[in-house]
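Residue numbers (our numbering): 7 to 276. We put the CB at the ideal spot given by N, CA and C, even for glycine. Remember, it's a predicted structure, so these values are computed and weren't measured experimentally. Taking it in order: structure first as structure tokens, then the write-up.
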Amino acid sequence: MKSAVTICLVPEARGGPFVYWDDLATACQQAAARGFDAVEIFPPDPDAIDPQELRGLLDDHELSLAAVGTAAGWLKHRLTLTSSEETTRDKAIGFLQRMMDFASPFEAPVIVGSMQGKAEAPVTQPVALRYLGNALFKLDEHAHDLGTTLLYEPLNRYETNLLNTLADAVQFLNAIQTRQVKILADLYHMNIEEANLADAVRNAATMIGHVHFADSNRRAPGFGHTDFLPIIAALVEGGYAGYLSAEVLPLPDSDTAARQTIATFRQIVG
Ligand code: LER
Ligand code: MN
7 MKSAVTICLV PEARGGPFVY WDDLATACQQ AAARGFDAVE IFPPDPDAID
57 PQELRGLLDD HELSLAAVGT AAGWLKHRLT LTSSEETTRD KAIGFLQRMM
107 DFASPFEAPV IVGSMQGKAE APVTQPVALR YLGNALFKLD EHAHDLGTTL
157 LYEPLNRYET NLLNTLADAV QFLNAIQTRQ VKILADLYHM NIEEANLADA
207 VRNAATMIGH VHFADSNRRA PGFGHTDFLP IIAALVEGGY AGYLSAEVLP
257 LPDSDTAARQ TIATFRQIVG
């Protein structure tokens, strides 16, 4: 397993669970200095980052791009895949496709997290799930054309009323028969929704494509009460060799959160 740390470039996401903020070059330098293998970046738009500049930063610091987040699609542009407005749903799909165009040359998957939206009047839950299924099916086609992966992230009940557990996501994706969509297991959301985090990982093992590495209180791993060892054992047992990516609050400050994350990573992964 490899370590990664989040960098958020979206001012509208201020207060969110991201370690580094605003300055991509400084964040890459700090991530490398703390010993992370990769960065996970949340850009404000698909064309906000110059790919050449990013390539240079990653090469200079010997970092990989672990994943690209799309929180801006919702927080900045108010786009969701389950909006009652067809034009908004289409724009949301277009936004995610362009994010995939940006991310795929870096061999980085794109995340569908908050852009999945939720069922709210006039959209009922079955209709929202149909919209979500149609959108993921279309996005899966695009991912297949690009040879890339899309990550679908189940969120906790306070953020969505669609799919809250890994098992919900496995069942849903199997039903729509996507080829390139994997599940993002966010240990913070899972701490709220799953009866047992290790069992949930074990039962979804072959479909997990990325992990958001956070403690029970969404602080850096080790600053809460999640027992990580059985979760890591379940990931290893399932053959997971991807990232543990710190999507955590920058508390008490970014550098302390980064140091705590990498210390815990080394302790439990080796
Ligand atoms: C995104 O990765 C996530 O976990 C959600 O809570 C949206 O912030
Ligand atoms: Mn997450």
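Next item on the list: Classify PHE108 as helix, strand or coil using the three-state DSSP reduction.
Entry: The answer is helix: DSSP assigns PHE108 an H, G or I state.
Checklist line | Closest Cα partner of ASP51 within the set TYR158, PHE229, ASP107, GLU200 | finding: ASP107
Checklist line | Touching by the beta-carbon criterion (3+ pairs, under 8 Å), the segment 24-42 and the segment 211-218 | finding: no
Notebook entry, point to check: Which full runs of the alpha helix (DSSP H) of 4+ residues lie inside the segment 124-169, going along the chain?
Noted result: 131-152
Notebook entry, point to check: How is GLU59 classed by DSSP in three states: helix, strand or coil?
Noted result: Reduced to three states, the DSSP call for GLU59 is helix.
Check: Within this structure, are the beta carbons of ALA1 and GLN186 separated by less than 7 Å?
Finding: What the structure shows of the chain is the stretch from 7 to 276, and residue 1 is not part of that stretch, so it cannot be assessed.
Item checked: Distance, GLU18 Cα to GLY228 Cα -> 28 Å
Check: Does the beta-carbon of LEU60 have 16 or more other beta-carbons within 10 angstroms, so that it is buried, or is it exposed?
Finding: LEU60 is buried by the Cβ-count criterion.
Next item on the list: Name, in chain order, the residues that DSSP records as bridge partners for TYR249.
Entry: LYS8
Notebook entry, point to check: Excluding five sequence neighbours on each side, which residues of the same chain lie with their C-beta closer than 8 Å to the C-beta of PHE48?
Noted result: Setting aside the 5 residues that flank it on each side, PHE48 is surrounded in the same chain by THR12, ILE13, CYS14, LEU15, VAL16, ALA19, PHE24, VAL74, GLY75, THR76, ALA77, ALA78, each with a C-beta closer than 8 Å to its C-beta; the list follows chain order.
Check: Would you call THR93 buried or exposed, if buried means 16 or more other Cβ atoms sit within 10 Å of its Cβ?
Finding: exposed
Check: From the beta carbon of PHE101, is the nearest beta carbon of chain B less than 7 Å away?
Finding: No chain B appears in this structure, which consists of one protein chain only.
Item checked: First through last residue of the beta strand (DSSP E) which encompasses GLU243 -> No beta strand (DSSP E) contains GLU243, which is instead part of the alpha helix (DSSP H) from 234-243.
Item checked: Proximity of ALA125 and ASN167 at Cβ, strictly below 7 Å -> yes
Checklist line | Rounded straight-line distance, which links the Cα of THR155 to that of THR262 | finding: The C-alpha of THR155 is placed about 32 Å away from the C-alpha of THR262.
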